[in-house]
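*Asks:*
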Amino acid sequence: MPKIAPPPGVSDIFPDEAAAWLQLESAARKVFGLYGFGELRTPIFEFTEVFQRGLGGETEVVQKEMYTFEDRGGRSLTLRPEGTAGVMRALAATDAANGVEHRVFYMGPMFRGERPAAGRKRQFHQVGVENVGRPASPGLDAEAIAMLCHFLEEIGITGFNLLINTRGVPSDRPAAEQALAEHFRPHLAEMCEDCRARIDRNVWRILDCKQACCRPFIEAAPDPAQFFSGESRAYFQKVCDLLTEQGIPFTVDPRLVRGLDYYVHTVFELTHSGLGAQNAIAGGGRYELQLPGLRTPIPGVGFAAGMERLLIVRDALGVTPPSAPVPKLYLASLGDAALAFNTAFAAKLRHAGISTAIDYDAKSMKSQMRAADRMKAEFTLVIGDSELEAQAAKLKHMADGNEIPVTLSLDGVLSALAAAETK
Ligand code: HAM
49 MPKIAPPPGV SDIFPDEAAA WLQLESAARK VFGLYGFGEL RTPIFEFTEV FQRGLGGETE
109 VVQKEMYTFE DRGGRSLTLR PEGTAGVMRA LAATDAANGV EHRVFYMGPM FRGERPAAGR
169 KRQFHQVGVE NVGRPASPGL DAEAIAMLCH FLEEIGITGF NLLINTRGVP SDRPAAEQAL
229 AEHFRPHLAE MCEDCRARID RNVWRILDCK QACCRPFIEA APDPAQFFSG ESRAYFQKVC
289 DLLTEQGIPF TVDPRLVRGL DYYVHTVFEL THSGLGAQNA IAGGGRYELQ LPGLRTPIPG
349 VGFAAGMERL LIVRDALGVT PPSAPVPKLY LASLGDAALA FNTAFAAKLR HAGISTAIDY
409 DAKSMKSQMR AADRMKAEFT LVIGDSELEA QAAKLKHMAD GNEIPVTLSL DGVLSALAAA
469 ETK
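So for the sequence shown, the working numbering puts the first residue at 49; every next one is plus one.
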């Protein structure tokens, strides 16, 4: 059979893997529901300007990673590289724009044209939340972080590191930017080409640079928060206090800026050593997102976790994923009359909630038993002419070989299955 590989950086998710994905998704629905969040499903593509304005034209994502195309009407559209901008585009049409709180979560595929590597894909999946509309409040920021930790606990992920920092507000930044530029400028000749361009375009991006030649200068950079207003620093201190009061351990990382330009005040990232180089399992923060047509930006706070990365970490921690669903019952048929009976019987059993497998081209008994084994069916029922005549058969429990006599009726089989279950 010829194997046609999908494009680089995208993957199929087969049924035996899907069980683990479903488990993450239902844990997210459960935990986020406890905090009053409801699901918002936004389109996979948006007008390009939603991301350009929303994420900031200077960001790596907008400059280098978006999948942008023109539709037949000549409109520029982009596959969503993240969820926040689309959520804000949707909520901008509601009373969120007038300060009313909206609590939403989302999950689904995102697209970034990055160099594929372990844990870094071009189509990846995020599960995220956004609390939108209310003015900035340390309580909401701490709640978002607590919710993320709660979700990780629910899916069995322990041992993560929570890094937090403050980006201040726009009026805090000029003094910090000047101090950073003064610090880096004398070393530019020794720094990477990207950072040489960043110093004038967006000096904060330098703090994000991973190049070995830049790291010593980044480590030695002044903490930008020392140039922020007393109000902004008090806001951040309150977030830290609230986390401490809730027993959530964290590290303040003055170099954490996050890759998207919409952040103000609190930013955070969760890393895990089980991931290797791509060590961020989740990230988020408070933002003020500007969109085309909006008079003032809308405030919000939220986070997104990468589902592929959550699954890698769970694997590394040895959390057993749930197994794919297996049939409860395999109906084997000996002869045409038995096959006709089993076809109708399978339909009745499925309607009664019993997952049932059957082979419509029933060949030898041996091949049907092999199929039942391969599917890991819990029970088998072999039907032939004599069973049809007697209206009775033997329900075989595959794990221990025990055979239970049953009458060949829906009630007969259902009660035998129920009795076997309670044993
Ligand atoms: P982000 O840090 O760009 O934030 O992405 C969040 C998470 O998505 C990352 O921590 C990572 O786990 C996962 N991720 C990102 N890119 C990839 C990739 N190429 N392959 C696999 N996983 C990836 C945001 O997207 C913000 N919208 C988060 C947010 C919500 N901030 C406020 N509200």
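All C-beta atoms, glycine included, are put in the ideal place defined by N, C-alpha and C.
Buried or exposed, going by whether 16 or more other CB atoms sit within 10 Å of the CB of Phe-117?
*Replies:* The residue in question, Phe-117, is exposed, as its Cβ has fewer than 16 Cβ neighbours within 10 Å.
*Asks:* Rounded to the nearest angstrom, what separates Glu-73 and Met-417 at their Cα positions?
*Replies:* Taking the straight line from one Cα to the other gives about 35 angstroms.
*Asks:* In whole angstroms, what separates the C-alpha of Pro-222 from that of Ala-353?
*Replies:* Their Cα atoms are separated by approximately 31 angstroms.
*Asks:* Have a look at Asp-60 and Thr-428 and give me their C-alpha separation to the nearest angstrom.
*Replies:* The straight-line gap from Cα to Cα measures roughly 32 angstroms.
*Asks:* Pairs of beta-carbons, one from the stretch 89-96 and one from the stretch 127-142, closer than 8 angstroms: are there three or more?
*Replies:* Yes: at least three Cβ pairs fall under 8 angstroms.
*Asks:* What do you reckon, are the CB atoms on Lys-444 and Ile-402 nearer than 7 angstroms?
*Replies:* No, they are not a contact pair.
*Asks:* Do you know whose CA, among Thr-107, Glu-162, Ala-447 and Leu-291, lies nearest Arg-422's CA?
*Replies:* Answer by Cα proximity: Ala-447.
*Asks:* Taking just the CA atoms, how far does Thr-96 sit from His-231?
*Replies:* If I take the Cα positions, the gap works out to 36 angstroms.
*Asks:* Just to check my reading of the structure: Val-349 and Asn-179 have Cβ atoms closer than 8 angstroms, yes? What is that Cβ distance to the nearest angstrom?
*Replies:* Indeed they touch by this definition, with Cβ atoms about 5 angstroms apart.
*Asks:* Could you tell me if Glu-426 is buried or exposed, where buried requires 16 or more neighbouring beta carbons within 10 angstroms of its beta carbon?
*Replies:* Its Cβ being crowded by 16 or more others within 10 Å, Glu-426 is buried.
*Asks:* Could you say if the stretch 312-320 and the stretch 328-337 meet the contact criterion of at least three C-beta pairs nearer than 8 angstroms?
*Replies:* Yes: the two stretches touch, three or more of their Cβ pairs being nearer than 8 angstroms.
*Asks:* With C-beta atoms as the reference, is Ala-67 less than 7 angstroms away from Pro-370?
*Replies:* Their beta carbons are under 7 angstroms apart, which means Ala-67 touches Pro-370 by this criterion.
*Asks:* Skipping 5 residues on each side, what residues in its chain have a beta carbon closer than 6 angstroms to that of Ala-190?
*Replies:* These residues qualify, in order along the chain: Val-287, Leu-290 and Leu-291.
*Asks:* Which residues in the same chain have their Cβ closer than 7 angstroms to the Cβ of Ala-75, if we skip the five residues on either side of it in sequence?
*Replies:* The answer, listed in chain order, is Phe-199, Glu-202 and Ile-203.
*Asks:* Classify Gln-439: buried if its beta carbon has 16 or more other beta carbons within 10 angstroms, exposed otherwise.
*Replies:* Exposed, because fewer than 16 other Cβ atoms sit within 10 Å of the Cβ of Gln-439.
*Asks:* Any heavy atom of ligand 1 inside 6 angstroms of the beta-carbon of Lys-258?
*Replies:* No.
*Asks:* Below 6 angstroms, is the gap between the Cβ of Phe-351 and the nearest heavy atom of ligand 1?
*Replies:* Yes - ligand 1 has a heavy atom lying nearer than 6 angstroms to the Cβ of Phe-351.
*Asks:* Comparing the CB of Ile-452 with every heavy atom of ligand 1, is any distance shorter than 6 angstroms?
*Replies:* False, no ligand heavy atom lies under 6 angstroms from that Cβ.
*Asks:* Do you know offhand how far Val-498's Cα is from Glu-317's?
*Replies:* No information on residue 498 is available, as it lies outside the stretch 49 to 471 that the chain covers here.
*Asks:* Roughly how many angstroms lie between the CA atoms of Gly-134 and Gln-294, to the nearest whole one?
*Replies:* So the two alpha carbons sit approximately 31 angstroms from each other.
*Asks:* Can you tell me whether Gln-100 is buried or exposed? The criterion is at least 16 other CB atoms within 10 Å of its CB, across all chains shown.
*Replies:* Per the 10 Å Cβ criterion, buried.
*Asks:* If you draw a straight line from the C-alpha of Phe-478 to the C-alpha of Met-195, how long is it?
*Replies:* Outside the shown range of the chain (49 to 471) lies residue 478, about which nothing can therefore be said.
*Asks:* With DSSP collapsed to three states, give me the class of Lys-396.
*Replies:* Of the three classes helix, strand and coil, the one that applies to Lys-396 here is helix, per DSSP.
*Asks:* Answer yes or no: the CB of Phe-99 versus the heavy atoms of ligand 1, is any distance below 6 angstroms?
*Replies:* The answer is no for Phe-99.
*Asks:* Within 6 angstroms: the Cβ of Thr-132 and any heavy atom of ligand 1?
*Replies:* Yes - ligand 1 has a heavy atom lying nearer than 6 angstroms to the Cβ of Thr-132.
*Asks:* Can you name the residues that DSSP bridges to His-173?
*Replies:* Answer is Pro-157.
*Asks:* Determine the closest residue to Gln-71 out of Ala-165, Val-175 and Pro-54, with distance taken between C-alpha atoms.
*Replies:* Nearest option by C-alpha distance: Val-175.
*Asks:* If you draw a straight line from the C-alpha of Pro-373 to the C-alpha of Ala-410, how long is it?
*Replies:* Between Pro-373 and Ala-410, the C-alpha separation is close to 23 angstroms.
*Asks:* If you draw a straight line from the C-alpha of Met-155 to the C-alpha of Ala-140, how long is it?
*Replies:* About 20 angstroms.
*Asks:* Can you have a look at His-320 and say buried or exposed, based on whether 16 or more other CB atoms are within 10 angstroms of its CB?
*Replies:* That one is buried.
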